[in-house]
Each structure stands twice: as C-alpha cells, then as structure tokens.
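A.B. asks:
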Amino acid sequence: MAVLALALVQGRAGEGKGVALASPEEPFPQGLVPFVLYDKGMALHLLSSAPTVGGALDGLQLRLNEADLVSPSRDAPLTPGLRVVVRRAKHVLLQVDGGQSWVPTHAVSVGDLLAERGVGLRALG
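For reference, each letter of the sequence shown is one residue, going 161 to 285 in our numbering.
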C-alpha cells in the first residue's frame, strides 16, 4: 500500500497536489495529514499536504455541485484522522401547481422535499 500511495502522489490522482491513498499500518511521510473521505458509499483513507478540507478536496479534483454538502466545511483545518463526509444532492422533478422543475435535494421523503421547498399541503375538497 505504501508504494501505491507514493505512486499516486506523483501520478494522476495527485497531479502534484499532494494527495495520496493512505494505509493505516504504514508511517506517514512528514508534511502529509491522514484523513478519511466518505463519498458515494465509500471510505477512502487519504493523505494530503493541504491546510484545509477544501484544499484536500481540490487536490483530489473532486467534482462537487453547489447543492452537495461537505462536513466539516471546506474552510475547516485538515487535521490527522479527520472524517470528511460528502453528501451528494439528488435531482428530482418537482411538479407543483401546474409547473415543474428539476430541483436538488437531500430529502429522504416526499414530505421532506415539500417542506424543504416551502410547499404546503392542503386537503382536497
């Protein structure tokens, strides 16, 4: 795993940005901070020389949409062992009052989506 990490720092995944896969069993090179990235159902143990979460994500060239959530925030300091969680927004078609539009959401139910969008429900009749 240590060889893979070194190859990634120098190759495509790192692109000179100081990000690599990490192995919990190996000692970390000086100046690299170990952290765990949770994204799309995967946990990646990584190393970065970036001072912030955002810098580490930028070094990975991770594509995020405006509605995606990152915790802790992008400006948080990158500290050893930090768990960085990316929650990707889903885009759903919302039809309300004869209009429709695609909207990003983190809602897990239709009721949550409507509440998130400020859409009230009323009884028919």
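Even glycine gets a Cβ: it sits at the ideal position worked out from N, Cα and C.
All of these numbers come straight from a predicted model, not from anything done at the bench.
Let me make sure I understand the geometry here. Which of Gln260, Leu238, Glu226, Leu220 has the alpha-carbon closest to that of Thr212?
C.D. replies: Leu238
A.B. asks: Need the endpoints of the alpha helix (DSSP H) that Leu217 sits in, please.
C.D. replies: 213–219
A.B. asks: Label Gly241 either buried or exposed according to how many other C-beta atoms from any shown protein chain fall within 10 Å of its C-beta, with 16 as the threshold for buried.
C.D. replies: exposed
A.B. asks: Kindly indicate the opening and closing residues of the beta strand (DSSP E) around Leu197.
C.D. replies: 193–199
A.B. asks: Determine whether the beta carbon atoms of Asp291 and Arg248 lie at a separation below 8 angstroms.
C.D. replies: Residue coverage of the chain in this structure runs from 161 to 285, which leaves residue 291 outside it and unanswerable.
A.B. asks: What are the boundary residues of the alpha helix (DSSP H) that includes Val263?
C.D. replies: From DSSP, Val263 is part of no alpha helix (DSSP H) but of the beta strand (DSSP E) over 259–265.
A.B. asks: Am I right that Leu220 and Ser209 are in contact with their C-beta atoms under 8 angstroms? What's the rounded C-beta distance?
C.D. replies: With a Cβ gap of about 12 angstroms, Leu220 and Ser209 do not count as contacting.
A.B. asks: Looking at the structure shown, is Ala210 part of a helix, part of a strand, or coil, going by DSSP?
C.D. replies: coil
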